[in-house]
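Enquirer:
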Amino acid sequence: MDDHEGNDITIEHFLSEHYEEESAIARFYAGKVIFVTGGTGFMGTILLEKILRSCPSVEKVYVMMRGKKGKCLEERFKEQFEGPVFEAMRTQRPGFQLKVYPLEGDCSQPQMGLSQESREKLKEVNVVFHMAATVRFDEKIRLATAINVQSTVDLLALARTMPDLKAFVHVSTAYSYPQNKIIEEKFYKPDVSPERLMNILNSMEDDMLNAITPQLITTWPNTYAFTKAVAEDVVQQHSKGLPVIMVRPSIVISTAKEPIAGWINNVYGPTGVVAGAGVGLIKALYCDSEKLADMVPVDMAINSVLAAAWDIASRDTENRQLERGEEAEPDPPVLNYVASVDQPITWGQFMALNARGVEIPSMRCIWYYDFRLVKNRFLYLIYQFFMHLVPAFLVDMGCRVVGKKPFLQDAYRKIHKFSTVISYFCCQDWQFRNDNVHKLWDKMNSMDRKVFDFNMKRLTWEQYFRTYMRGLRVYILGDPLDTLEESKVRYRKLKLAHLAVVWSVRILVFWLLLQLLRWIVL
Numbered sequence: 001m002d003d004h005e006g007n008d009i010t011i012e013h014f015l016s017e018h019y020e021e022e023s024a025i026a027r028f029y030a031g032k033v034i035f036v037t038g039g040t041g042f043m044g045t046i047l048l049e050k051i052l053r054s055c056p057s058v059e060k061v062y063v064m065m066r067g068k069k070g071k072c073l074e075e076r077f078k079e080q081f082e083g084p085v086f087e088a089m090r091t092q093r094p095g096f097q098l099k100v101y102p103l104e105g106d107c108s109q110p111q112m113g114l115s116q117e118s119r120e121k122l123k124e125v126n127v128v129f130h131m132a133a134t135v136r137f138d139e140k141i142r143l144a145t146a147i148n149v150q151s152t153v154d155l156l157a158l159a160r161t162m163p164d165l166k167a168f169v170h171v172s173t174a175y176s177y178p179q180n181k182i183i184e185e186k187f188y189k190p191d192v193s194p195e196r197l198m199n200i201l202n203s204m205e206d207d208m209l210n211a212i213t214p215q216l217i218t219t220w221p222n223t224y225a226f227t228k229a230v231a232e233d234v235v236q237q238h239s240k241g242l243p244v245i246m247v248r249p250s251i252v253i254s255t256a257k258e259p260i261a262g263w264i265n266n267v268y269g270p271t272g273v274v275a276g277a278g279v280g281l282i283k284a285l286y287c288d289s290e291k292l293a294d295m296v297p298v299d300m301a302i303n304s305v306l307a308a309a310w311d312i313a314s315r316d317t318e319n320r321q322l323e324r325g326e327e328a329e330p331d332p333p334v335l336n337y338v339a340s341v342d343q344p345i346t347w348g349q350f351m352a353l354n355a356r357g358v359e360i361p362s363m364r365c366i367w368y369y370d371f372r373l374v375k376n377r378f379l380y381l382i383y384q385f386f387m388h389l390v391p392a393f394l395v396d397m398g399c400r401v402v403g404k405k406p407f408l409q410d411a412y413r414k415i416h417k418f419s420t421v422i423s424y425f426c427c428q429d430w431q432f433r434n435d436n437v438h439k440l441w442d443k444m445n446s447m448d449r450k451v452f453d454f455n456m457k458r459l460t461w462e463q464y465f466r467t468y469m470r471g472l473r474v475y476i477l478g479d480p481l482d483t484l485e486e487s488k489v490r491y492r493k494l495k496l497a498h499l500a501v502v503w504s505v506r507i508l509v510f511w512l513l514l515q516l517l518r519w520i521v522l
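Sequential numbering of the sequence shown, starting at 1, is according to the UniProt record's numbering.
(1) Where does the unbroken beta strand (DSSP E) through P102 begin, and where does it stop?
(2) Run through DSSP, which three-state label would V63 get?
(3) So, Y491 versus P361, is the Cβ gap smaller than 8 Å?
(4) Extract the residue ranges of the alpha helix (DSSP H) inside the UniProt domain "Fatty acyl-CoA reductase C-terminal" (387-478), only unbroken runs of 4 or more that lie entirely within it.
(5) Considering only their Cβ atoms, is the gap separating K140 from N210 smaller than 8 Å?
(6) What beta strand (DSSP E) runs, 3 residues minimum, are completely inside the stretch 332-377?
(7) Expressed to the nearest angstrom, what Euclidean distance is found between the alpha-carbon atoms of N303 and L52?
(8) Can you tell me whether K283 is buried or exposed, with buried defined as 16 or more other CB within 10 angstroms of its CB?
(9) If you check the beta carbons only, do M363 and D479 fall under 8 Å apart?
(10) Using the rule of at least 16 other Cβ atoms within 10 Å of the residue's Cβ for burial, across every protein chain shown, is D448 buried or exposed?
(11) For K99 versus V61, is the C-beta distance shorter than 8 Å?
(12) Assign R136 to one of three DSSP states: helix, strand, or coil.
(13) Is it buried or exposed, K439, if we count other Cβ atoms within 10 angstroms and call 16 or more buried?
(14) Answer with buried or exposed for V509, where buried requires no fewer than 16 other C-beta atoms within 10 angstroms of its C-beta.
(15) Starting from F168, follow its DSSP beta bridges and name the residues at the other end.
(16) Using only CA atoms, which one of F96, K71 and K69 lies nearest to F81?
(17) According to DSSP, is V296 helix, strand or coil?
(18) Return the residue from the list G262, E329, G280 and W347 that minimises the CA-CA distance to D288.
(19) Just checking: is the beta-carbon of V505 within a distance shorter than 8 Å of some beta-carbon in chain C?
(20) Could you spell out where the beta strand (DSSP E) holding A284 opens and where it closes?
(21) Are there 16 or more other CB atoms within 10 angstroms of the CB of D299, so buried, or fewer, so exposed?
(22) Using DSSP bridges, identify the partner residues of P249.
(23) In angstroms with no decimal places, state the Cα-to-Cα distance between T460 and S108.
(24) If we count the other Cβ atoms within 10 Å of its Cβ and call it buried at 16 or more, is S250 buried or exposed?
(25) If we ignore side chains and look at the alpha-carbon of each, how far apart do W367 and V395 end up?
(26) Can you list, in chain order, the residues of its chain whose CB lies under 7 Å from that of I182, leaving out five sequence neighbours each side?
(27) Does the Cβ-Cβ distance between P297 and T255 come in under 8 Å?
(28) Cβ of D164 versus every heavy atom of the ligand FMN: is any distance shorter than 7 Å?
(29) Specify the secondary structure class of I264 as computed by DSSP and reduced to three states.
(30) Could you work out which residue in V437, V502 and V85 is closest to P259 when comparing CA atoms only?
(31) Using 8 Å as the threshold, is the stretch 262-270 in touch with the stretch 459-477, meaning 3 or more CB pairs across them?
(32) Taking the alpha carbon of V63 as the point to measure from, which residue in G269, F77, G70 and K50 has its own alpha carbon closest?
(33) I need the DSSP call for Q321, collapsed to helix, strand or coil.
(34) Count the CB pairs spanning the stretch 338-347 and the stretch 482-491 that are closer than 8 Å, and state whether there are at least three.
(35) If you pair each beta-carbon of the stretch 195-208 with each one of the stretch 115-130, do three or more pairs fall below 8 Å?
(36) Could you round the C-beta distance between L389 and Y412 to whole angstroms and report it? I think they count as a contact, below 8 Å.
Structural data, given as structure tokens:
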């Protein structure tokens, strides 16, 4: 697939080569050695590209990677720079990857799976970005704890061996304490301490542990949010004397403008719903259309993370203690990077904007777009039965008749499991405080506000979702825009088929009601 397929998904041009002199944040990163966990993930990929592009004088970047799907470290490292995200760098700065050094590691392993040699190399690190996490909401509690909690303990301990550490950024989530309807920029206490959680895990076999997980996570909706909350407690307890700052982004979705608008590489959260609805697979979602959809573009979230590191490095802990009159060292600063305060949008508005995707239908569509948000759970279950389960049963029965493997019922089981997870966030509101985000923005000079823009007030949702839908078509469905005319013709046929089915069902229902009425009268 041609990386330029998105038409209006364009690569942002590099700013003047002299901007680095005017950018306080770029100057901060000049000559620095950086360590990134989760550097091959969705957010980590954008962070790595942004550092290399906007902070060209950075000394080196260590990226922790693990072999995956039979691929060795060298193969994963090479693949990291082959996609569309790094196209601008490949074109304008050949050899940029020479500043990146992969280190083999695994956050699910003790000491993050880092060798002693790697740990020695990391002693020269100045800035740490802890981005690694398991984002599977239904992950087994043992693995979720190892990746989200124990790795944070290990990394903070490792940070104490870095004599010239300037900043340590822990990336959490705005939904680490979803049971709180008002979420401030401060630390909260989980029901289970990190130490107690570790003791429980060490004293139980997997079967018993999985059985008690619902009781263990108590008021948290899933193991992801629970372990992220416990990880925050680790940060609060183990960060004393370290330049630590924590950023809590809300739901992170595709890029707004850089390095390419509309880029995304996963179907987590609302993107999965939009993709499923767009191809005609998902017909309904249990969701209150009037509730706020708190989501932020990944490139803007990463800009806030990079600015946060600059901010904590520029602070003087001793002066802050004197100003506050505190004897004990204060907790690390917390930034709630959310959209609902400065640029609110409801789930109804979100889906209405994405419904315009019918203007650029994909060749991957299996049916016409016919999607609705359903607030009433009983009504949603009716929609689910008649619009998902019944068609899936009929299609799979047809597959068996012709000797093909049935697939649709299994697909809908996965969709319904996924829908249950996201519905939790679609049926309620949270009030976030983001004063620290505003204060950080106020500290930045005019050049930094251009280069590291994270001001949600500047974002226009209508324009954003125009590129969002094109990006979804190109990068998720793998459907280049040069098939657009052909897909429009095909989509019109799907629409006619859809209308034929709808009217056939209506006529059938009317006929059945008429027969019932005659039977009652007679």
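Heads up, the beta-carbon is just placed ideally off N, CA and C, and yes, glycines get one too.
Expert: Looking at the coordinates:
(1) V100 to E104
(2) strand
(3) yes
(4) 390-401, 408-426, 435-443, 446-451 and 461-471
(5) yes
(6) 334-337 and 372-374
(7) 13 Å
(8) buried
(9) yes
(10) buried
(11) yes
(12) coil
(13) exposed
(14) exposed
(15) V128 and V244
(16) F96
(17) strand
(18) W347
(19) Of the protein chains in the structure, only one exists, and it is not chain C.
(20) A284 to Y286
(21) buried
(22) Y337
(23) 39 Å
(24) buried
(25) 13 Å
(26) Q431
(27) yes
(28) As for the ligand FMN, it is missing from this structure, which has no ligand bound.
(29) coil
(30) V85
(31) yes
(32) F77
(33) Confidence at Q321 is low in this model, with a pLDDT of 45, below 50, so the placement of that residue should be treated as unreliable; the coordinate-derived value is given next. Helix.
(34) no
(35) no
(36) 7 Å
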